[in-house]
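Asker: Before I ask anything, here is the structure I am working with.
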Amino acid sequence: MSSVLVVGAGLGGVRTAQTLRRLGHRGPVTLLGAEPSLPYDRPPLSKAGLAGERPPVWLATSPELSAAGIVLHTGVTVLSLSPTTVTTSSGSFSYDQLVIATGAEPRRLPVPQPPHGVHVLRTLADATRLRQVLAAGSRLVVVGAGVLGCEVAATARSLGVEVTLVEADTAPMRRLLGAGLGERLAAVHRAQGVDVRCGSGVTAIRGDSAVTGVELADGTVVPADNVVVAIGAVPRTDWLRDSGLTLADGVVCDESLRAAPNVWAVGDVCRWTGTDGVSRRSEHWTNAGNQAEAVAAAIVSGRPTPYESVPWMWSDQYHLKITCLGDPADGDDVRVTPLDDGDRLKAVFSRAGIVSAVAGFSAGGAVLRLRGALGKPLTEVAA
Ligand SMILES: Cc1cc2nc3c(=O)[nH]c(=O)nc-3n(C[C@H](O)[C@H](O)[C@H](O)COP(=O)(O)OP(=O)(O)OC[C@H]3O[C@@H](n4cnc5c(N)ncnc54)[C@H](O)[C@@H]3O)c2cc1C
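In terms of the working numbering, the sequence shown opens at residue 11 and continues consecutively.
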């Protein structure tokens, strides 16, 4: 009966432990998490959780973990890894199989900034701190209009905050949705009262002890009481520096998510080679859960198999649920179909005439119905 040690108690880590038990793993399962709380779900932290409309969504309660025979140690930071043990802030833990699920941390803005009023959003503690300063009428600058920045802007607007959304790229979420849908999204934010400024780099955050404004590359200063920096995340691999594992913007794994014969990685921290030979890393909820289930199945069966899954993500902004299946960035053409007189739409992305992705604004059903179109000629979809 081999022992499995899971480092990181977020979605990927918890789902790995739960799936091991569901599939009948009988050996010890131990979960180590740096955060002090029970494991919780991150997506609400930028949506209803940030708006104060719902309490934390726990991924597992203590009784559920005990009943499953999963030993959780919270507030334990893993510091280093050797071939059979990890060293932590609270002693050493040995393992037969190790699953790395340490996620990612917010990228910091490398410009001068005051000590107070600059926020990032990754943890429950971050969300609680940010919620406390989002008072109606206060001025917030969100730096970065990716998924996280757009969601924070939308939630802050719902609270009556004056929001400026600053993005270096040409449109919000352009890397994910392409320029066309990104520009439509910019229009949605503007209609909700957000001052959207694309093509703008940030050169400094002004203020001595607290934020007073954000200085843009063209010299403009946008007045602000608070700033949220949402410019992406960096995989948490610092503790693996001397482990001998290959690190390159994530833990480098093979097709079956294996980094070494008895070491696996799942979720935001995992960089794996797909069956198409392309190396990728994903920062989406569905991927973390799917990878966790794949690794647990491989450990239980002893038969690693290539991880295959179609990328799927969603984002809630105002009245819209944005969904995306596949990778629009692979496309060279997009066909957009409005679904009503408002903002609802579906979009089919293709590359060389072959459907590569489907996205929708409040069109989840239409997007899912097009799942079978991925990889097929665009002409068949249009018919
Ligand atoms: C605010 C927010 C909103 C999001 N919304 C969406 C959404 O709408 N749709 C979507 O598809 N995705 C969304 N995501 C992304 C999704 O939540 C992540 O892809 C998912 O949480 C990744 O899970 P993970 O287990 O890989 O990493 P994480 O959830 O980050 O968990 C990693 C855990 O490991 C712990 N850890 C790190 N280092 C150590 C160490 N050395 N020792 C011990 N523990 C350690 C961390 O403290 C953390 O608890 C959102 C993310 C955030 C932050």
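The beta-carbon is built from N, C-alpha and C at its ideal position, and this holds for glycine as well.
Does DSSP put ILE241 in a helix, in a strand, or in coil?
Answerer: The residue given as residue 241 occupies position 231 in the sequence shown. Looking at ILE241 - three-state DSSP - the assignment turns out to be coil, as it is neither helix nor strand.
Asker: Taking just the CA atoms, how far does ARG149 sit from ALA189?
Answerer: Within the sequence shown, residue 189 is the residue found at index 179, counting from 1. Within the sequence shown, residue 149 is the residue found at index 139, counting from 1. Each residue's Cα considered, the two are about 28 Å apart.
Asker: Round the Cβ separation of GLY156 and GLY242 to the nearest angstrom and send it over; I've been treating them as touching at under 8 Å.
Answerer: Mapped onto the sequence shown, residue 156 falls at position 146. Mapped onto the sequence shown, residue 242 falls at position 232. That belief holds up - the Cβ atoms of GLY156 and GLY242 are roughly 7 Å apart, short of 8 Å.
Asker: Using three-state DSSP, classify GLY336 as helix, strand or coil.
Answerer: Position 326 of the sequence shown, counted from the start, is the residue given in the question as residue 336. If DSSP states are grouped into helix, strand and coil, GLY336 belongs with the strands.
Asker: Is the number of C-beta pairs between the stretch 90–105 and the stretch 244–263 that are closer than 8 Å three or more?
Answerer: Verdict: yes, contact present.
Asker: Helix, strand or coil: which one does DSSP assign to GLN327?
Answerer: Within the sequence shown, the letter at position 317 stands for residue 327. Strand at GLN327.
Asker: Starting from LEU187, trace the alpha helix (DSSP H) in both directions and tell me its first and last residue.
Answerer: Within the sequence shown, residue 187 is the residue found at index 177, counting from 1. First-last of the alpha helix (DSSP H) with LEU187: 184–201.
Asker: In the structure shown, what three-state DSSP assignment does GLY18 receive?
Answerer: Locating residue 18 in the sequence shown gives position 8, counting from the first residue. Coil, per DSSP.
Asker: Tell me the start and end of each unbroken beta strand (DSSP E) in the stretch 241–287 that is at least 3 residues and wholly inside, in chain order.
Answerer: With a minimum length of 3 residues, the continuous beta strand (DSSP E) runs that stay inside the stretch 241–287 are 243–245, 261–263, 268–270, 273–275, 280–283.
Asker: Is any non-hydrogen atom of ligand 1 found closer than 6 Å to the C-beta of THR112, if you look at the structure I gave you?
Answerer: Stepping through the sequence shown from its first residue, residue 112 is reached at position 102. Yes, the beta carbon of THR112 sits closer than 6 Å to at least one heavy atom of ligand 1.
Asker: Looking at VAL212: is its Cβ nearer than 7 Å to the Cβ of VAL153?
Answerer: Position 202 of the sequence shown holds residue 212. Position 143 of the sequence shown holds residue 153. Result yes, Cβ atoms of VAL212 and VAL153 sit closer than 7 Å.
Asker: If you follow the alpha helix (DSSP H) that VAL81 is in, where does it begin and where does it stop?
Answerer: On the sequence shown, position 71 is the one that residue 81 refers to. Note, VAL81: premise wrong, no alpha helix (DSSP H); beta strand (DSSP E) at 80–83.
Asker: Mind checking who ASN236 pairs with in its DSSP beta bridge?
Answerer: As a first step, residue 236 must be located in the sequence shown, where it is residue number 226. Its beta-bridge partners are LEU150.
Asker: Kindly examine ligand 1 and report whether one of its heavy atoms sits closer than 6 Å to the Cβ of GLY374.
Answerer: Taking the sequence shown and counting its residues from 1, the one referred to as residue 374 is at position 364. Checking the Cβ of GLY374 against ligand 1 gives no.
Asker: If ALA373 sits next to ARG345, beta carbons under 8 Å apart, how far is it from one beta carbon to the other, in whole angstroms?
Answerer: Numbered from 1 along the sequence shown, position 363 holds the residue referred to as residue 373. Numbered from 1 along the sequence shown, position 335 holds the residue referred to as residue 345. The Cβ separation is near 13 Å, so there is no contact.
Asker: Could you compute how far the alpha carbon of PRO122 sits from the alpha carbon of VAL221?
Answerer: Here residue 122 refers to the residue found at position 112 of the sequence shown. Here residue 221 refers to the residue found at position 211 of the sequence shown. Each residue's Cα considered, the two are about 11 Å apart.
Asker: Using 10 angstroms around the beta-carbon of GLY22, count the other beta-carbons present and answer buried if the total reaches 16, otherwise exposed.
Answerer: For this step, residue 22 is matched to residue 12 along the sequence shown. When all chains shown are included, GLY22 counts as buried.
Asker: Beta carbon of MET323: closer than 6 Å to some heavy atom of ligand 1?
Answerer: Your numbering for residue 323 matches position 313 in the sequence shown. Within the cutoff, so yes.
Asker: Using the C-alpha atoms, what's the distance from SER219 back to GLY229?
Answerer: Translated into the one-based positions of the sequence shown, residue 229 becomes position 219. Translated into the one-based positions of the sequence shown, residue 219 becomes position 209. Approximately 21 Å, taken between the alpha carbons.
Asker: From what residue to what residue does the alpha helix (DSSP H) around VAL310 run?
Answerer: What you label residue 310 is simply residue 300 of the sequence shown in a count that begins at 1. Where VAL310 is concerned, the enclosing alpha helix (DSSP H) stretches over 295–311.
Asker: Given the structure, does THR26 come close to ligand 1, in the sense that its CB is under 6 Å from one of the ligand's heavy atoms?
Answerer: Locating residue 26 in the sequence shown gives position 16, counting from the first residue. Every heavy atom of ligand 1 is 6 Å or more from the Cβ of THR26, so no.
Asker: Checking the sheet assignment: what are the DSSP bridge partners for GLN123?
Answerer: To locate residue 123, count along the sequence shown from 1; it is residue 113. Paired residues: none, contrary to the question.
Asker: In the DSSP assignment, find the unbroken alpha helix (DSSP H) run with VAL143 in it and report its ends.
Answerer: For the purposes of this step, residue 143 is identified with residue 133 of the sequence shown, where counting begins at 1. 134–143 is the extent of the alpha helix (DSSP H) around VAL143.
Asker: Is it the case that the stretch 305–313 contacts the stretch 330–343, given that we only count it when at least three CB pairs across the two stretches are under 8 Å?
Answerer: With the cut-off at 8 Å, the stretch 330–343 and the stretch 305–313 do not touch.
Asker: So, does the stretch 50–63 touch the stretch 163–172, judging by three or more C-beta pairs under 8 Å?
Answerer: Yes: the two stretches touch, three or more of their Cβ pairs being nearer than 8 Å.
Asker: Where do the ends of the beta strand (DSSP E) carrying THR97 lie?
Answerer: Indexing the sequence shown from 1 puts residue 97 at position 87. Unbroken beta strand (DSSP E) run through THR97: 95–98.
Asker: Rounded to whole angstroms, what is the Cα-Cα separation between GLU177 and LEU335?
Answerer: The residue you call residue 177 lines up with position 167 of the sequence shown. The residue you call residue 335 lines up with position 325 of the sequence shown. Taking the straight line from one Cα to the other gives about 24 Å.
Asker: If distances are taken between C-alpha atoms only, which option among VAL204, VAL143, ARG290, TRP324 comes closest to GLY277?
Answerer: Looking up residue 277 in the sequence shown gives position 267. GLY277 has its Cα closest to that of ARG290, out of VAL204, VAL143, ARG290, TRP324.
Asker: Using CA coordinates, which residue listed in VAL238, ALA339, TRP68 is at the minimum distance from VAL128?
Answerer: In the sequence shown, the residue the question calls residue 128 occupies position 118. Nearest C-alpha to VAL128: VAL238.
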